[in-house]
Structure formats: C-alpha cells, structure tokens
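**Student:** Take this structure first; my questions come after.
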Amino acid sequence: MTISATEAALYAGALLILFLTPGPVWLGLLARAMSGGFAAAWPLSLGVVVGDVLWSLLAVLGMAWVVEQVSMAMIAMKAIACGTFLVMGVMVLRAAGGAVGKDTRLTRPGFAAGFLAGLTVILANPKAILFYMGMLPGFFDLTTLTPADVAAIAAMSAAVPLVGNLVMAGLVGRLRALLTSDAALRRMNIASGCLLIGVGLGIPFF
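Going left to right, the sequence shown walks through residues 1 to 206 as this note's numbering numbers them.
If you want it as structure tokens, here you go:
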C-alpha cells in the first residue's frame, strides 16, 4: 500500500468527526432507536455503510481521473477540503442550539425498511456528499493509489461510521434524555464544529 499511517489516521479521524456531527443519519438512527430500540436501528446502520462505501469508491475512482488530467488538481483538492471543513465547522457552530427532530418516514418497522432508510439518508446527505466528493481527495494522492489502498479507504469509510452508529443505537435507550437535551446537543455541536475547523486548518500541513 502507498497510504501512510499519518494519512490513514487523519482520514479515520475526519470520519469520526463527520460521524460526531449531528445530521440526517443521526436523525434517522435516533428516530428508529427511540421507536424500536437497537433491533430497529441496526439495519439502518448497515444501509449507511453501503452508502459510505459507494461514496468513497466514487470519489476515489472519479476524482482520480480529474487529478490525472490537471497537474494542479491535488493542490486544489486540498484547498477545497480545507475550505469545506472550515465552512462546515462554522455552520455547525452557528446552528449549535438546533434541536434533534424525528422523521416518521424513518421509523417504519422491519429490516428492509431500516436498511433502505439508511441507504437513502446517506446517499442524499449533503454532508456525506461534500465530505467524500469534495474532501476525501485532499487526504490522499489519488495518482498513486493501488487496489489495496482503495480497499483500505473503503474499509475505513465503512468501519468508522458503522461502529459509531451501532454504539449509539445500543446506548440510545439509556441515554435518551441526554441525546434529546438542547443543552447537551449544543455542547456536542460546539465541540464538533471546533473539531471540523481544526481538521480544516491541519489539512494543508499533511
């Protein structure tokens, strides 16, 4: 593999921060966990994994062609990654007091309904689209990736959010009051926003 340990660690950390930032996947996971517990939430997590892998593969394969065609593309990708993280961080901080809501379309019972809800919510998630298509290329030199590198990127893209979503689904019953508290959500949003800005500032140095 050509991916360095530093690149892998930075990318995995960015995935973790992306997971910790409340968004459509959180809403879907919380809605299903609160309505049917872990049994209702874990199929959604599997659907999200499929979407994450698809987005990561599309980003690597699609943007690799762009990088091969334009000599300055890698610098541009890093700049886009940096700028997008900073913008997302500021947006999260500005909306730090927003409440977690519920979408009854995501609470239909059954494995198939949960899986499709997860797949749909990640494929239509602007945050995921921005991350994979706009920022993933900033973490790696796409011109040197091997099949093993692509597989590793896809594996990280699946594993980090899957573990996070499953842990959240398992704990949501006990932590229900905490997760729906406006004050707790505000603190979590502030922390996530600061972390996003930190990653954005650090990308140019890797």
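From the three backbone atoms N, C-alpha and C, an ideal C-beta is built for every residue, glycine too.
Does any C-beta atom of chain C lie closer than 8 Å to the C-beta of residue 25?
**Tutor:** In the displayed structure, chain C is absent; only one protein chain is listed.
**Student:** To the nearest angstrom, how far is the alpha carbon of residue 2 from that of residue 183?
**Tutor:** Using only the alpha carbons, I get a separation of about 44 Å.
**Student:** In chain order, what residues of the same chain lie with their CB nearer than 6 Å to the CB of residue 127, ignoring the 5 residues before and after it?
**Tutor:** 23, listed in sequence order.
**Student:** Between 11, 34, 25 and 16, which has its C-alpha nearest residue 137's C-alpha?
**Tutor:** The shortest C-alpha separation from residue 137 is found at 11.
**Student:** Determine, using beta-carbon pairs with one atom in the segment 152–164 and one in the segment 47–60, whether at least three such pairs fall under 8 Å.
**Tutor:** Verdict: yes, contact present.
**Student:** Count the other CB atoms within 10 Å of the CB of residue 4; is the residue buried (16 or more) or exposed (fewer)?
**Tutor:** Flag for residue 4 reads exposed.
**Student:** Quick check on residue 104: buried or exposed, where buried means 16 or more other Cβ atoms within 10 Å of its Cβ?
**Tutor:** Residue confidence is low: residue 104 scores 48 on pLDDT, short of 50, so the model does not pin down where it sits. No coordinate-derived value is stated.
**Student:** What is the DSSP secondary structure of residue 2, counted as helix, strand or coil?
**Tutor:** Coil at residue 2, not helix or strand.
**Student:** Residues in its own chain within less than 7 Å of residue 38 by CB, not counting five upstream and five downstream?
**Tutor:** Cβ neighbours of residue 38 beyond the five flanking positions: 169 and 170.
**Student:** Please report the distance separating the alpha-carbon of residue 100 from that of residue 120.
**Tutor:** With a pLDDT of 48 at residue 100, under the threshold of 50, the modelled position of this residue cannot be trusted; read the value that follows with caution. About 19 Å.
**Student:** Using the Cβ count rule (16 or more neighbours within 10 Å means buried), how would you classify residue 17?
**Tutor:** Looking at its Cβ environment, which holds 16 or more other Cβ atoms inside 10 Å, residue 17 is buried.
**Student:** In or out: residue 62 buried (at least 16 other Cβ within 10 Å) or exposed?
**Tutor:** Counting Cβ neighbours within 10 Å, residue 62 comes out exposed, since fewer than 16 surround it.
**Student:** Grouping DSSP H, G and I as helix and E and B as strand, with all else coil, what is residue 125?
**Tutor:** The answer is coil: DSSP assigns residue 125 none of H, G, I, E or B.
**Student:** Return the chain-ordered list of same chain residues with a C-beta closer than 6 Å to the C-beta of residue 172, the five sequence neighbours on each side being excluded.
**Tutor:** 33, listed in sequence order.
**Student:** Please check the pair residue 115 and residue 44, which I expect to be a contact at CB under 8 Å, by giving their CB distance rounded to whole angstroms.
**Tutor:** Yes, residue 115 and residue 44 are in contact; Cβ-Cβ is about 7 Å, under 8 Å.
**Student:** By Cβ distance below 8 Å, which residues in the same chain neighbour residue 58 in space, the five residues on each side in sequence not counted?
**Tutor:** For residue 58, where only same-chain residues beyond five positions count, the Cβ hits under 8 Å are 132 and 133.
**Student:** Return the chain-ordered list of same chain residues with a C-beta closer than 7 Å to the C-beta of residue 42, the five sequence neighbours on each side being excluded.
**Tutor:** So the qualifying residues of the chain are 166 and 169.
**Student:** For residue 152, which residues of its own chain have a beta-carbon under 8 Å away from its beta-carbon, when the five flanking residues on both sides are left out?
**Tutor:** These residues qualify, in order along the chain: 1, 3 and 8.
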